[in-house]
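*Asks:* Submitted below is the structure of interest, expressed as structure tokens.
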């Protein structure tokens with residue numbers, strides 16, 4: 001029988017050299033919160049750096065997303081029968097997949113107003129984990145460093161997740177009735 005993996009903070013393995021994310025929360029409330037990716041043993045091989053900063057958030061932006069991320073991650077950790085975590089001043093270690101999801105949330109919220117952050121959090125929470133991983137992969141390829149705030153997919157994340165208002169008074173036109181897809185000529189039996 002295999003022993004359950006030991007973890008710390010938000011599902012990060014305690015084993016040395018693990019690929020994980022670090023969330024640096026300074027004690028001073030005026031300093032930025034920094035999320036970085038630590039490649040562990042894979043770092044410093046084949047041109048891969050040991051670690052890369054992914055995003056710097058103002059304390060206001062971090063305060064707006066921290067509780068949503070904590071709740072979502074702890075629900076998933078409980079399901080996996082792992083210890084849950086809480087954010088604290090200093091270094092917080094986060095499992096590599098949860099860290100990717102956190103980056104997607106942070107990237108969407110980094111330039112948001114206080115009013116937009118709850119909308120971003122709700123839309124992020126509605127995404128499936130694999131959707132968040134995909135969003136991380138396409139965003140980090142082009143705009144995954146702290147100074148890439150207003151670029152490409154990173155900017156698209158903000159617009160996609162912050163757009164919570166529905167147009168007022170506009171009704172959708174009714175769609176035409178479509179015939180059954182299985183009744184199309186492609187699916188009919190041919191009688192020779």
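Numbering (UniProt numbering), first residue to last: 1 to 192. Glycine included, each C-beta is placed from N, C-alpha and C at the ideal position.
Can you tell me whether residue 27 is buried or exposed, with buried defined as 16 or more other CB within 10 angstroms of its CB?
*Replies:* What you label residue 27 is simply residue 27 of the chain shown in a count that begins at 1. Residue 27 comes out exposed.
*Asks:* Output needed for residue 123: all residues of its chain with C-beta closer than 6 Å, excluding positions within five of it in sequence on either side, in chain order.
*Replies:* On the chain shown, position 123 is the one that residue 123 refers to. Closer than 6 Å at Cβ, skipping near neighbours: 161.
*Asks:* Can you tell me the Cβ-Cβ gap for residue 80 and residue 58, rounded? I've got them flagged as a contact below 8 Å.
*Replies:* Position 80 of the chain shown holds residue 80. Position 58 of the chain shown holds residue 58. Residue 80 to residue 58, Cβ: 32 Å. No contact.
*Asks:* By the 10 Å Cβ neighbour count, where 16 or more other Cβ atoms means buried, how is residue 11 classified, buried or exposed?
*Replies:* Translated into the one-based positions of the chain shown, residue 11 becomes position 11. Flag for residue 11 reads buried.
*Asks:* Secondary structure at residue 21, three-state DSSP: helix, strand or coil?
*Replies:* Against the chain shown, residue 21 aligns to sequence position 21. Strand.
*Asks:* Taking its Cβ as the centre, do 16 or more other Cβ atoms sit within 10 Å of residue 29, making it buried, or is it exposed?
*Replies:* Your numbering for residue 29 matches position 29 in the chain shown. Residue 29 should be labelled exposed.
*Asks:* Could you check if residue 6 is buried or exposed, using at least 16 other CB atoms within 10 Å of its CB as the buried criterion?
*Replies:* Counting from one through the chain shown, the residue named residue 6 turns up at place 6. Looking at its Cβ environment, which holds fewer than 16 other Cβ atoms inside 10 Å, residue 6 is exposed.
*Asks:* Looking at residue 127 and residue 35, is the spacing between their C-beta atoms short of 9 Å?
*Replies:* Residue 35 sits at position 35 when you count from the first residue of the chain shown. Residue 127 sits at position 127 when you count from the first residue of the chain shown. Contact: no.
*Asks:* Should the region 129-144 be called in touch with the region 94-109, which here means at least 3 C-beta pairs below 8 Å?
*Replies:* The region 129-144, when compared against the region 94-109, does touch it at the 8 Å Cβ threshold.
*Asks:* As an exercise, report each continuous beta strand (DSSP E) stretch of at least 3 residues that is fully enclosed by the region 19-101, in chain order.
*Replies:* As far as the region 19-101 is concerned, its whole beta strand (DSSP E) runs of at least 3 residues are 20-25, 33-38, 51-57, 90-95.
*Asks:* Among 119, 173, 176, which has the Cα closest to the Cα of residue 157?
*Replies:* Translated into positions along the chain shown, residue 157 becomes position 157. Among 119, 173, 176, the Cα nearest to that of residue 157 belongs to 119.
*Asks:* Which residues in the same chain as residue 159 place their Cβ atom closer than 7 Å to its Cβ, once the five residues preceding and following it in sequence are excluded?
*Replies:* The residue given as residue 159 occupies position 159 in the chain shown. Answer for residue 159: no residue qualifies.
*Asks:* Could you tell me whether the Cβ atoms of residue 146 and residue 56 are closer together than 9 Å?
*Replies:* To locate residue 146, count along the chain shown from 1; it is residue 146. To locate residue 56, count along the chain shown from 1; it is residue 56. Closer than 9 Å, so yes.
*Asks:* Specify the secondary structure class of residue 139 as computed by DSSP and reduced to three states.
*Replies:* Start at 1 with the first residue of the chain shown, and residue 139 comes out as number 139. Note: residue 139 maps to helix in three-state DSSP.
*Asks:* Can you check whether the CB of residue 69 is closer than 9 Å to the CB of residue 40?
*Replies:* Here residue 40 is taken as the residue at index 40 of the chain shown, counted from 1. Here residue 69 is taken as the residue at index 69 of the chain shown, counted from 1. Against a cut-off of 9 Å, the Cβ pair of residue 69 and residue 40 comes out as no contact.
*Asks:* Sorted by chain position, which residues of the same chain lie with C-beta nearer than 7 Å to residue 111's C-beta, five sequence neighbours on each side aside?
*Replies:* Indexing the chain shown from 1 puts residue 111 at position 111. Once the five neighbours on either side are set aside, the close Cβ partners of residue 111 are 149, 158.
*Asks:* Starting from the Cα of residue 38, find the closest Cα among 13, 115, 75 and give me that residue.
*Replies:* Start at 1 with the first residue of the chain shown, and residue 38 comes out as number 38. Out of 13, 115, 75, 13 has the C-alpha closest to the C-alpha of residue 38.
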